[in-house]
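Peer 1: Chains as they are written, first to last, in the working numbering: chain U, 1421 to 1773; chain X, -16 to 523. C-beta atoms are modelled at their ideal positions from N, C-alpha and C, and glycine is treated no differently. Computed from a predicted structure; not experimentally measured.
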């Protein structure tokens, strides 16, 4: 007992597992109902709130309408809340696992690499002496040779050359991928209120998901809007610009393709594009988009998503595109009418076909 | 965690502390000291001062919360001492403390260990820590036997009933259950009332005593029938309720139908939590006793120059013994000063009928008639015979309440608790004082309920095998949303229907069905009377 360490690691682990199980159950509601706006930025931890767990017992005072899951399992009552800081990576791991989202296909592997050095091995030659290992070996040798014998009053431990152990750095290569994501939005339709919030949820999630897959700093996010013409805007302006009047969406697809082709190395870049709008376009405009998608973008891009946000009776973009790309592995078509559908849309955009 | 033998300086101090404690004729068990770091202390406390515990999420939750509080600076991880009394006792020292603090902790621990050995509730037992470690191992096996899910459910059910563990209650197992089988030892009235030896074989009935009893034919017949029923119940169940039983957890441990794994969990829970009841009933005496002997031993160490820093020690001591208002109960402060006061009373012969009957105030004030008995022996006798309740009832006077500042409240606090100006008898810019006379009564009230609902088992065969609990009304309602989950947990352990009477409501849980029924309210005294007469204590 004298050399052991008192710890609650296993109990802490059991509690963390319990919390993870709870989180798993809560995940759908976090994505569908929760505030996703803060997970995309700076990859900060996400604060998750869940009902506190307490052991129910006979006690005084009515705490109102606590949810009693007592009895079997931890009594879950009281109305108190537990708040957890969930690291971005961990949240994304959970989302990937829970929604069964596959890893994104990455091209250009091995062309760009990140290097780091880790001390994983120990040898007899080197620069950085591992004092702990060296002393352990020296003590063993001295004991074996009888040089260290406390019962005979010999306390010195001599460190010989063969006892020395050095830390050896090992070069670790991690393939570094680069990706660029183009977000395209229709500012001619009424993007405010619920429509805007639905669009924001999807854009935020897409940003986070791609950052998580490629690693922070390896993904460039570019924002484009269109009315009759197409423009590139800053991220903050993506939701803030609007224009009443006519609309022509094929221009923004053309613009995105031009930028993708001319500004990036097509051999090493992974391309993604997501279009959000009400889908109410002129017939020839939709046909033009279809041609751009088929001839130019599809061969170049890893994934293209077209999402009709609260489409109306006259929305025809998806219908038109679906005539050629129904159930296509690259071009994914979806619509969203309510935030409860967020997960379904995410699964269509990023899931297996 | 390392033993004190790994630190020669501390080991030397330990020897000196023990030397002085023995020189002062202290009754000490074997004491084993260990040195822990801050995180280990947190774990140890959440394992209820045992070095190991079965894996459980509640401990995990408490540790995670505590670590977060320490890391964010909302709580200090500086714990001075933690001791698990018994024989041997295990005491844990914080590695960050100075030698002077370590010495004071060891001296303090001596006081606790002796109190545990001597006290009336017979707290100390052999190999408590070792037994708990054995139960932990058994629990880990039980987890494998039962499977994670069942183990967790049963564990949680037991956690839910831990506050219903009252081995030292007036209505504990020994006093409320008649049984023909062995029970875990609890103090009973027999232990306290007489120590005379009795014959091992007791006659079933005595002709002489029967003749001497002045009873009518009817009552003799009634007694005979009652005895017959008792014998029948005993042979059918193995036990019989002769009074309401407040030690519900203890009852379940002894009489609930359990598998091997379930029994292990119940054993572990009751063993680990049983000391809490002792602590809550003796905290003032216990902490006071520890402070009293800590100070005496420390003064000897300072005299010997074995430790340095008497001014620092005085600072820490006065911080620990800082007076608090009566409802905040600082047991260190109150206990320490009470013991000092009692020592003076015994030394001057003031605990005597002669002193109490003396009517002349002048004579009383100058009273100093020692009867030659060592006051320490008289104090030890108190430890052996009373708990906090009697300790305060006998020795706390309104003058002492005032002297110990138990009736002094800071103005800010008075405002917070909404103290009425009518209750204030004195004030200065920082403090207000309330009348000291009702303070003692208020303090004694704590020992009737310990701020917990009083719940008893009153029938073990309610509606055909069900367990009936009774909530003794003291004007407050039970938290309603927790009644159902708690009964559900109890049902899991008792494996038959369970019910609770609280005021005019009967709550029942059976076959996953929870029911609330309005019933006629019945008093606790009435229930007691009926159980005594072997009648059903409660009928719908």
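Report yes or no: do the segment 438 to 450 of chain X and the segment 229 to 242 of chain X share at least 3 C-beta pairs separated by less than 8 Å?
Peer 2: Verdict: yes, contact present.
Peer 1: Please report the distance separating the alpha-carbon of residue 1690 of chain U from that of residue 1764 of chain U.
Peer 2: Going from the Cα of residue 1690 of chain U to the Cα of residue 1764 of chain U covers about 24 Å.
Peer 1: Measuring alpha carbon to alpha carbon, tell me which residue in X:57, X:416 and X:151 is nearest residue 384 of chain X.
Peer 2: Among X:57, X:416 and X:151, the Cα nearest to that of residue 384 of chain X belongs to X:416.
Peer 1: Going residue by residue through the segment 414 to 483 of chain X, where are the continuous beta strand (DSSP E) segments of at least 3 residues, counting only ones entirely within it?
Peer 2: Here the runs fully enclosed are 414 to 417, 438 to 445 and 449 to 454.
Peer 1: Identify the contact partners of residue 469 of chain X in chain U, using a Cβ-Cβ distance below 7 Å as the criterion.
Peer 2: What residue 469 of chain X touches in chain U: 1476, 1477, 1478 and 1490.
Peer 1: Starting from residue 114 of chain X, trace the alpha helix (DSSP H) in both directions and tell me its first and last residue.
Peer 2: First-last of the alpha helix (DSSP H) with residue 114 of chain X: 111 to 129.
Peer 1: Just how far apart, CA to CA, sit residue 71 of chain X and residue 16 of chain X?
Peer 2: The alpha-carbon atoms of residue 71 of chain X and residue 16 of chain X are separated by roughly 10 Å.
Peer 1: Using the C-alpha atoms, what's the distance from residue 134 of chain X back to residue 1517 of chain U?
Peer 2: Their backbone Cα atoms lie some 28 Å apart in a straight line.
Peer 1: Just reading off the beta strand (DSSP E) that residue 501 of chain X is part of, what are its end residues?
Peer 2: Segment 496 to 501, the beta strand (DSSP E) holding residue 501 of chain X.
Peer 1: Could you work out which residue in U:1680, U:1523 and U:1431 is closest to residue 1719 of chain U when comparing CA atoms only?
Peer 2: For residue 1719 of chain U, the nearest C-alpha among the options comes from U:1680.
Peer 1: Output yes or no for whether 7 Å exceeds the beta carbon distance between residue 274 of chain X and residue 371 of chain X.
Peer 2: Not closer than 7 Å, so no.
Peer 1: What whole-angstrom Cβ distance do residue 1661 of chain U and residue 1645 of chain U have, given they're in contact under 8 Å?
Peer 2: 6 Å between Cβ atoms; contact.
Peer 1: Excluding five sequence neighbours on each side, which residues of the same chain lie with their C-beta closer than 7 Å to the C-beta of residue 485 of chain X?
Peer 2: For residue 485 of chain X, where only same-chain residues beyond five positions count, the Cβ hits under 7 Å are 454 and 461.
Peer 1: Per the DSSP calculation, residue 1589 of chain U is bridged to which residue(s)?
Peer 2: In DSSP, residue 1589 of chain U forms a bridge with U:1539.
Peer 1: Rounded to whole angstroms, how far is the Cβ of residue 1750 of chain U from the Cβ of residue 1724 of chain U, which I believe are closer than 8 Å?
Peer 2: Going by Cβ atoms, the distance from residue 1750 of chain U to residue 1724 of chain U rounds to 6 Å, so yes, they are a contact pair.
Peer 1: How far does the beta strand (DSSP E) with residue 407 of chain X in it reach, from first residue to last?
Peer 2: From DSSP, the beta strand (DSSP E) with residue 407 of chain X extends over 407 to 410.
Peer 1: Please name the residue, chosen from U:1573, U:1445, U:1585 and U:1565, that lies closest to residue 1551 of chain U on a Cα-to-Cα basis.
Peer 2: If we check each option's Cα against that of residue 1551 of chain U, U:1585 comes out closest.
Peer 1: Which residue's Cα is closest to the Cα of residue 1545 of chain U: U:1476, U:1672 and U:1588?
Peer 2: Checked all of U:1476, U:1672 and U:1588; the closest Cα to residue 1545 of chain U is U:1588.
Peer 1: Is residue 1556 of chain U buried or exposed, if buried means 16 or more other CB atoms sit within 10 Å of its CB?
Peer 2: With fewer than 16 Cβ atoms within 10 Å of its Cβ, residue 1556 of chain U is classed as exposed.
Peer 1: Do residue 329 of chain X and residue 361 of chain X have their C-beta atoms closer together than 7 Å?
Peer 2: In contact: residue 329 of chain X and residue 361 of chain X (Cβ atoms closer than 7 Å).
Peer 1: Under 8 Å by Cβ, that's how I've got residue 1786 of chain U and residue 1671 of chain U pegged, so tell me the actual separation to the nearest angstrom.
Peer 2: No answer is possible for residue 1786 of chain U: it lies beyond the span of chain U, which begins at 1421 and ends at 1773.
Peer 1: How about the segment 77 to 88 of chain X and the segment 35 to 47 of chain X: do they share at least three Cβ pairs that are nearer than 8 Å?
Peer 2: In short, these stretches do not touch, since the Cβ pair count stays below three.
Peer 1: Provide the residue span of the beta strand (DSSP E) that contains residue 1466 of chain U, from first to last.
Peer 2: Looking at the DSSP string, the run of the beta strand (DSSP E) that includes residue 1466 of chain U is 1466 to 1471.
Peer 1: Assign residue 1592 of chain U to one of two classes, buried (16 or more other C-beta atoms within 10 Å of its C-beta) or exposed (fewer than that).
Peer 2: With fewer than 16 Cβ atoms within 10 Å of its Cβ, residue 1592 of chain U is classed as exposed.
Peer 1: I want to verify the contact list: residues of chain U whose CB lies under 7 Å from the CB of residue 26 of chain X, in sequence order.
Peer 2: Ordered by position in chain U, the residues that pass the 7 Å Cβ test against residue 26 of chain X are 1426, 1427 and 1428.
Peer 1: How many Å lie between residue 520 of chain X and residue 466 of chain X at the Cα?
Peer 2: Between residue 520 of chain X and residue 466 of chain X, the C-alpha separation is close to 21 Å.
Peer 1: State buried or exposed for residue 265 of chain X, treating a residue as buried only when at least 16 other CB atoms are found within 10 Å of its CB.
Peer 2: Residue 265 of chain X is buried by the Cβ-count criterion.
Peer 1: Would you please verify whether the beta carbon of residue 1434 of chain U is less than 7 Å from any beta carbon of chain X?
Peer 2: It does: the Cβ of residue 1434 of chain U has a partner Cβ on chain X nearer than 7 Å.
Peer 1: Kindly identify the DSSP beta-bridge partner or partners of residue 1728 of chain U.
Peer 2: Residue 1728 of chain U is bridged to U:1697 and U:1755.
Peer 1: Check whether the Cβ atoms of residue 1599 of chain U and residue 1634 of chain U sit closer than 7 Å, and answer yes or no.
Peer 2: Closer than 7 Å, so yes.
Peer 1: For residue 458 of chain X, does the count of other Cβ atoms within 10 angstroms reach 16, so buried, or fall short, so exposed?
Peer 2: Classification of residue 458 of chain X: exposed, given that the 10 Å Cβ count is below 16.
Peer 1: What are the boundary residues of the beta strand (DSSP E) that residue 1746 of chain U is part of?
Peer 2: First-last for residue 1746 of chain U: undefined, no H or E at that position.
Peer 1: At the level of alpha carbons, what is the spacing between residue 249 of chain X and residue 319 of chain X?
Peer 2: C-alpha separation (whole angstroms): 37 Å.
Peer 1: Ignoring anything shorter than 3 residues or poking outside the segment 339 to 413 of chain X, list the beta strand (DSSP E) runs there in chain order.
Peer 2: Complete beta strand (DSSP E) runs here, min 3: 391 to 393 and 407 to 410.
Peer 1: Can you check DSSP and say which residues form a bridge with residue 493 of chain X?
Peer 2: Paired residues: X:496.
Peer 1: Report the residues of the segment 477 to 494 of chain X with a CB closer than 7 Å to any CB of chain U, ordered along the chain.
Peer 2: Answer in chain order: no residues at all.
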